[in-house]
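Peer 1: Sharing a structure with you now.
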């Protein structure tokens, strides 16, 4: 039997930082930064926290911070 320990799997619920940007003319405007598990969750959280009106929600970009 091997005595080597397995490395723990990365947690799937780890939070990442995402930049929330609004597409306008060049350059895009940074609206804020949110922490979420994935892009969809970040978008939903940004819409709620930043109070983005419905007519601007389709112009949003979500980028994961490095």
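Numbering (my numbering), first residue to last: 527 to 592.
Don't be surprised by glycine CBs; every beta carbon is placed ideally from N, CA and C.
Which residue comes first and which comes last in the alpha helix (DSSP H) that contains residue 573?
Peer 2: 565-575
Peer 1: With residue 578 and residue 572 assumed to form a contact (beta carbons below 8 Å), what rounded beta-carbon distance in angstroms separates them?
Peer 2: 7 Å
Peer 1: Mapping the DSSP letters down to three states, classify residue 582 as helix, strand or coil.
Peer 2: helix
Peer 1: I need the DSSP call for residue 549, collapsed to helix, strand or coil.
Peer 2: coil
Peer 1: Return helix, strand or coil for residue 540, following the three-state DSSP convention.
Peer 2: Residue 540 falls in the coil class under three-state DSSP.
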